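Novice: Residue numbers (the numbering used here): 481 to 806. Note that beta-carbon positions come from the ideal geometry of N, C-alpha and C, so glycine has one too. What you are looking at is a predicted structure, and each value in this text was computed from that prediction instead of being measured. Mind having a look at this structure? Questions to follow.
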Ligand code: 2P0
């Protein structure tokens, strides 16, 4: 059957509970550390890819805008898939997010996961998720995890590669993630540049790498054992260690706003009063609070009451990227 040449896919962003920050190979986009994440269902990227005979270069529109740097990263992923399909057509790519782009909400993760899923279908390749994750990883390291639903794990391998796959299905431990939005503005320094600067200048970077493996293995164990308190401890530690590296980068990467810190303090008050909840923060000012479903009303209320919080999103754990109509 000939390839349909056009397909649409949906993918959800993910947030890491044990973080990725830093690369060991910039060209191959190989992460210096593994990571463990949850895929969210409340936000999504929808991407349509249409390969057109006679189109010499890809045309990429993200939320209606064209951007040369984004287009280059998209084309690098498409080139790998075109080579697999033995096809040279350029593609028209249209991608839309239903949440703020480039604001610490993992839009590049859902974006590249949706891209490779749509392109794979359009080219009629039918590659397994694990292989699509390897292509998505070239576009954005965290995107490899959004191919999978629930808890996903990315681990560096002894042979120099990375393995990405599912760790636990969403229904096996249906945690909730309550997100406090403190700014919808795009960040000043993107993750890619930020990671390179941290590696080059932070005196804490080596310590981050040295101590990361134990955090990742502990995170895996606590997810498999559904041990909320132990996962909370390792996730907050990994997050704060990553931000310590960011803060000690030159020039400093200070992604937090006053409301970011106020959210952490509100969650600490809640936890001291007996509500099990923990936080994580990515390369941006938003706070993600992870809790059991019964705690959602209290966590929502506590975060909504923090001055500077403009919106609170309550999310379940979502599926991996999938093909959609359109
Ligand atoms: C993570 N972040 O583990 C960490 C925590 C942000 C902070 O992965 O350069 O956009 O495209 O591989 O995937 C964001 O980094 O970076 C990220 P690239 P990416 O989720």
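DSSP three-state call for residue 794: helix, strand or coil?
Specialist: Note: residue 794 maps to strand in three-state DSSP.
Novice: Are the CB atoms of residue 514 and residue 734 nearer to each other than 8 Å?
Specialist: Not closer than 8 Å, so no.
Novice: Do residue 493 and residue 520 have their C-beta atoms within less than 8 Å of each other?
Specialist: Going by C-beta atoms, residue 493 is nearer than 8 Å to residue 520.
Novice: Determine the closest residue to residue 602 out of 530, 705, 790 and 766, with distance taken between C-alpha atoms.
Specialist: Taking only the C-alpha atoms, the option nearest residue 602 is 530.
Novice: Looking only at its chain, what residues have a beta carbon closer than 8 Å to the beta carbon of residue 508, apart from the 5 residues adjacent to it on each side?
Specialist: Around residue 508: 618.
Novice: Could you tell me which residues DSSP pairs with residue 681 in its beta bridges?
Specialist: DSSP lists no partner for residue 681.
Novice: Please classify residue 754: is it buried, with 16 or more other beta-carbons within 10 angstroms of its beta-carbon, or exposed?
Specialist: The residue is exposed, with fewer than 16 neighbouring Cβ atoms inside 10 Å.
Novice: Under the criterion of a Cβ to heavy atom distance below 7 Å, does residue 505 qualify as lining the ligand 2P0?
Specialist: No, the ligand 2P0 has no heavy atom inside 7 Å of this Cβ.
Novice: So, are the CB atoms of residue 783 and residue 660 less than 8 Å apart?
Specialist: Taking 8 Å as the Cβ cut-off, residue 783 and residue 660 qualify as a contacting pair.
Novice: Pick from 729, 687, 719 and 648: whose alpha carbon is nearest that of residue 836?
Specialist: Since the first and last residues shown for the chain are 481 and 806, residue 836 lies out of range.
Novice: Pop quiz: residue 511 and residue 500 are said to be a contact at Cβ under 8 Å. What is the actual Cβ separation, rounded to whole angstroms?
Specialist: About 5 Å separates the two Cβ atoms, so the contact holds.
Novice: Helix, strand or coil for residue 757, going by three-state DSSP, please let me know.
Specialist: If DSSP states are grouped into helix, strand and coil, residue 757 belongs with the strands.
Novice: Between residue 663 and the ligand 2P0, is there a pair consisting of the residue's CB and a ligand heavy atom that are separated by less than 7 Å?
Specialist: Outside the cutoff, so no.
Novice: If you measure between the beta carbons of residue 794 and residue 803, is that distance less than 8 Å?
Specialist: Contact: no.
Novice: Helix, strand or coil: how does DSSP classify residue 597 here?
Specialist: Three-state result, residue 597: helix.
Novice: What residue from 790, 787 and 727 has the CA that sits closest to residue 762's CA?
Specialist: Taking only the C-alpha atoms, the option nearest residue 762 is 727.
Novice: Measuring CA to CA, which of 535, 576 and 567 is closest to residue 528?
Specialist: Nearest of 535, 576 and 567 to residue 528, Cα basis: 576.
Novice: Is the beta carbon of residue 500 within less than 7 Å of some heavy atom of the ligand 2P0?
Specialist: Yes, Cβ of residue 500 sits closer than 7 Å to a heavy atom of the ligand 2P0.
Novice: Does the region 657-676 come close enough to the region 589-607 to have 3 or more Cβ pairs within less than 8 Å?
Specialist: No: the two stretches stay apart, fewer than three of their Cβ pairs being nearer than 8 Å.
Novice: Please state the DSSP three-state secondary structure of residue 483.
Specialist: Three-state DSSP puts residue 483 in coil, outside helix and strand.
Novice: Residue 545 by DSSP, collapsed to three states: which one?
Specialist: Strand.
Novice: So for residue 497, helix, strand or coil by DSSP?
Specialist: In the structure shown, residue 497 sits in a strand (DSSP, three-state: E or B).
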